[in-house]
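The structure appears right after this line, and notes come after that.
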Amino acid sequence: MRQQVVVGLDVGSSKAGAVAAAVRPGSIDVLGLGLSPATGLRKGVVTDIDETVDSIRRAVREVESSAGVRVRSVAVGISGAHIESFEGRGAVGVRGSEVAYTDVKRAIEAAGSVYIPLDREVLHVIPTGFVLDGHEGISNPVGMSGVRLEAKVHIVTGAVSAIQNLLKCCEKSGLDIADVVFAPLASSRAVLTAEERDSGVVLVDIGGGTTDIALFRGGNLLHASVLGVGGGHITNDIAVGLRVHMSEAERLKRSSGSVAMDRDDAEPEIRITQAGGQVRTLQRECLVNIIQPRCGEMLELVRAELKRGLGYEHASCGVVLTGGSALLEGFAGMAEEVLALPVRVGVPSVAGGCGAILNNVQFATVAGLVMHCPEFDRPRAVHPVSSNSLFGRMRHWARDFFTTTDTLSIDQEYNKKGESHVRD
Ligand SMILES: Nc1ncnc2c1ncn2[C@@H]1O[C@H](COP(=O)(O)OP(=O)(O)OP(=O)(O)O)[C@@H](O)[C@H]1O
Ligand SMILES: [Mg+2]
Numbered sequence: 268m269r270q271q272v273v274v275g276l277d278v279g280s281s282k283a284g285a286v287a288a289a290v291r292p293g294s295i296d297v298l299g300l301g302l303s304p305a306t307g308l309r310k311g312v313v314t315d316i317d318e319t320v321d322s323i324r325r326a327v328r329e330v331e332s333s334a335g336v337r338v339r340s341v342a343v344g345i346s347g348a349h350i351e352s353f354e355g356r357g358a359v360g361v362r363g364s365e366v367a368y369t370d371v372k373r374a375i376e377a378a379g380s381v382y383i384p385l386d387r388e389v390l391h392v393i394p395t396g397f398v399l400d401g402h403e404g405i406s407n408p409v410g411m412s413g414v415r416l417e418a419k420v421h422i423v424t425g426a427v428s429a430i431q432n433l434l435k436c437c438e439k440s441g442l443d444i445a446d447v448v449f450a451p452l453a454s455s456r457a458v459l460t461a462e463e464r465d466s467g468v469v470l471v472d473i474g475g476g477t478t479d480i481a482l483f484r485g486g487n488l489l490h491a492s493v494l495g496v497g498g499g500h501i502t503n504d505i506a507v508g509l510r511v512h513m514s515e516a517e518r519l520k521r522s523s524g525s526v527a528m529d530r531d532d533a534e535p536e537i538r539i540t541q542a543g544g545q546v547r548t549l550q551r552e553c554l555v556n557i558i559q560p561r562c563g564e565m566l567e568l569v570r571a572e573l574k575r576g577l578g579y580e581h582a583s584c585g586v587v588l589t590g591g592s593a594l595l596e597g598f599a600g601m602a603e604e605v606l607a608l609p610v611r612v613g614v615p616s617v618a619g620g621c622g623a624i625l626n627n628v629q630f631a632t633v634a635g636l637v638m639h640c641p642e643f644d645r646p647r648a649v650h651p652v653s654s655n656s657l658f659g660r661m662r663h664w665a666r667d668f669f670t671t672t673d674t675l676s677i678d679q680e681y682n683k684k685g686e687s688h689v690r691d
């Protein structure tokens, strides 16, 4: 049976990760994972092209050998403080007696046709609902009778330079770009349940250099923002506070770090190797006293963002915390206190193939990238959209919105492009 092999590539501030998966509608077989430390990004944005290319090449080489595939094109995740998102609305007159696919498409185009400065690029136009002759809350108006159709969309944009530099790194690594996906949109596929996405949930992905915050409700992304803080700041504080190298600070954070001291701590003392090579014994409390305020500060920033743009009131399912920093001992508990919302840690659960290798909060985005692809989605009338003018915005809109015979030619065109990774 023919199947698509899809490759997701997440180039984060601390690691590049690539996942290859054989995908059919509704089912995924993970074939392999490639990982490499990333040193060419700061706060999610490329600052050194050569180092980033090197990280990508190593991750891709590893996934090729573990999955036994040749990687030609990838769906790449993007984040960084340059990302912005806002709402758009657009209305059209219905041409026939009832709403047709083309009317929906025109309404979405009208809603997405907002002024975007030249230095910004639209990444996604996500339909969040339709209004037909003043009646709100319509999710799929096709076939309904009406005169005036209005589309509500959520538009995600990024800085052209940041997007192009990331794509340049992929291209210099010999890869074609199948799609560019805002990282939390991908992560949400891997760590949120359908019920959470429907009832209202905030996804908080705290990585090495960024904190992605995204509100989902009614199955859609309703608001998103990215803060330029992450676990790297905690490591840096430890390095400065204890006068140790960054690698030693990272080791201490992972092996003995915590946001609070346990009353009956099993490890009251820790051994540290200082920059000059001297080994010292230290009260673990000193390490905790460095970590705690930084984590508190990061969570206060998340809280301020929730209050400013997202609104606590929409998050009836609370917060799902993911990204590598969610592994820090006690962090989820502290988040619950500071954000005053229920918090659970979201670990990707990907069944099929060797999906268990992705059961780690650090792989939320890369796991989500292979689940976000159109090959995985069962046909439905209205999809979230990956639209990017760099790759033909209109073609993507059509591909993602309609999976009927109306767009057969478009799907065929897309599949032709992806033939490089089709296998029997
Ligand atoms: N056991 C652990 N305890 C504490 N922190 C950890 C642990 N394991 C990983 N981390 C931290 O997680 C961070 C990396 O997370 P992740 O892999 O999600 O980031 P990234 O995707 O590369 O970066 P970003 O999304 O910010 O661009 C690092 O700061 C690392 O120190
Ligand atoms: Mg990340």
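Everything in the sequence shown is counted per the working numbering, starting at 268 for the first residue and increasing by one.
The beta carbon of each residue, even a glycine, is placed where N, CA and C say it ideally should be.
Distance, PRO408 Cα to LEU636 Cα: Position 369 of the sequence shown, counting from 1, holds the residue named residue 636. Position 141 of the sequence shown, counting from 1, holds the residue named residue 408. Taking the straight line from one Cα to the other gives about 29 angstroms.
Segment contact, 8 angstroms Cβ cut-off, at least three pairs: the region 520 to 529 with the region 551 to 564: yes
C-beta atoms of LEU568 and VAL471 nearer than 8 angstroms: For the purposes of this step, residue 568 is taken as residue 301 along the sequence shown, with counting starting at 1. For the purposes of this step, residue 471 is taken as residue 204 along the sequence shown, with counting starting at 1. Taking 8 angstroms as the Cβ cut-off, LEU568 and VAL471 do not qualify as a contacting pair.
Closest by C-alpha distance to VAL614, when choosing among ILE624, ALA533 and ILE501: What you label residue 614 is simply residue 347 of the sequence shown in a count that begins at 1. Considering only ILE624, ALA533 and ILE501, the residue with the shortest C-alpha distance to VAL614 is ILE624.
Under the three-state DSSP convention, the category GLY271 falls into: Here residue 271 refers to the residue found at position 4 of the sequence shown. For the record, residue 271 in the displayed sequence is Gln; it is not Gly. Of the three classes helix, strand and coil, the one that applies to GLN271 here is strand, per DSSP.
Residues bridged to ARG415 (per DSSP): Counted from its first residue, the sequence shown places residue 415 at position 148. DSSP lists GLY360 as the bridge partner or partners of ARG415.
LEU494 CB to nearest heavy atom of ligand 1 below 7 angstroms: Position 227 of the sequence shown, counting from 1, holds the residue named residue 494. False, no ligand heavy atom lies under 7 angstroms from that Cβ.
C-beta contact flag for VAL366 and MET411 at 8 angstroms: As a working mapping, residue 366 is identified with position 99 in the sequence shown. As a working mapping, residue 411 is identified with position 144 in the sequence shown. Yes, they are a contact pair.
THR502 versus ARG570, VAL605 and VAL511, residue with shortest Cα-Cα distance: By 1-based counting over the sequence shown, the position of residue 502 is 235. The option with the nearest alpha carbon to THR502 is VAL511.
Counterpart residues of GLU388 in DSSP-defined beta bridges: As a first step, residue 388 must be located in the sequence shown, where it is residue number 121. For GLU388, the pairing in a beta bridge is given by DSSP as GLY425.
Length of the line joining the Cα atoms of PRO609 and MET601: Walking along the sequence shown from the start, residue 609 turns up at place 342. Walking along the sequence shown from the start, residue 601 turns up at place 334. Between PRO609 and MET601, the C-alpha separation is close to 11 angstroms.
Length of the line joining the Cα atoms of ASN556 and GLU388: As a working mapping, residue 556 is identified with position 289 in the sequence shown. As a working mapping, residue 388 is identified with position 121 in the sequence shown. Answer to the nearest angstrom: the Cα atoms are 42 angstroms apart.
CB contact flag (THR477, ALA326, <8 angstroms): The residue given as residue 477 occupies position 210 in the sequence shown. The residue given as residue 326 occupies position 59 in the sequence shown. Cβ distance not < 8 angstroms, so THR477 and ALA326 don't count as in contact.
SER523 at chain B interface by Cβ criterion, 8 angstroms: Among the protein chains of the structure shown there is no chain B, as only one such chain exists.
Runs of beta strand (DSSP E) lying entirely within the region 324 to 381, each at least 3 residues, in chain order: 340 to 345 and 351 to 360
Contact test: SER412 Cβ vs ligand 2 heavy atom, cutoff 7 angstroms: Counting from one through the sequence shown, the residue named residue 412 turns up at place 145. It does not: the Cβ of SER412 is nowhere closer than 7 angstroms to a heavy atom of ligand 2.
Coarse secondary structure for GLU536, derived from DSSP in three states: For this step, residue 536 is matched to residue 269 along the sequence shown. Strand.
Those runs of the beta strand (DSSP E) which lie wholly inside the region 492 to 572 and span at least 3 residues: 536 to 540 and 546 to 550
Near ligand 2: GLY485 beta-carbon under 7 angstroms from a heavy atom: Position 218 of the sequence shown, counted from the first residue, corresponds to residue 485. No, Cβ of GLY485 sits at least 7 angstroms from all heavy atoms of ligand 2.
Helix, strand or coil at GLU643 [DSSP, three-state]: As a first step, residue 643 must be located in the sequence shown, where it is residue number 376. This sequence places Phe at residue 643; Glu is not what is there. Coil, per DSSP.
Meets three-Cβ-pair contact criterion under 8 angstroms: the region 335 to 349 and the region 366 to 379: no
Residue from PRO451, LEU452 and LYS435 whose Cα sits closest to the Cα of ILE444: Taking the first residue of the sequence shown as position 1, residue 444 is located at position 177. Per the Cα distances, LYS435.
Cβ contact check for the region 304 to 322 and the region 394 to 405: 3 or more pairs under 8 angstroms: Counting Cβ pairs under 8 angstroms, fewer than three are found: no touch.
DSSP three-state assignment for GLY597, whether helix, strand or coil: The sequence position of residue 597 within the sequence shown is 330, counting from 1. Here GLY597 sits in coil by DSSP.
Separation of GLU403 from VAL414, as counted between CA atoms: As a working note, residue 414 is residue 147 in the sequence shown. As a working note, residue 403 is residue 136 in the sequence shown. If you take the alpha carbons of VAL414 and GLU403, they lie about 14 angstroms apart.
Straight-line Cα distance separating VAL320 from LYS692: Only positions 268 to 691 of the chain appear in the structure, and residue 692 is not among them; the question remains open.
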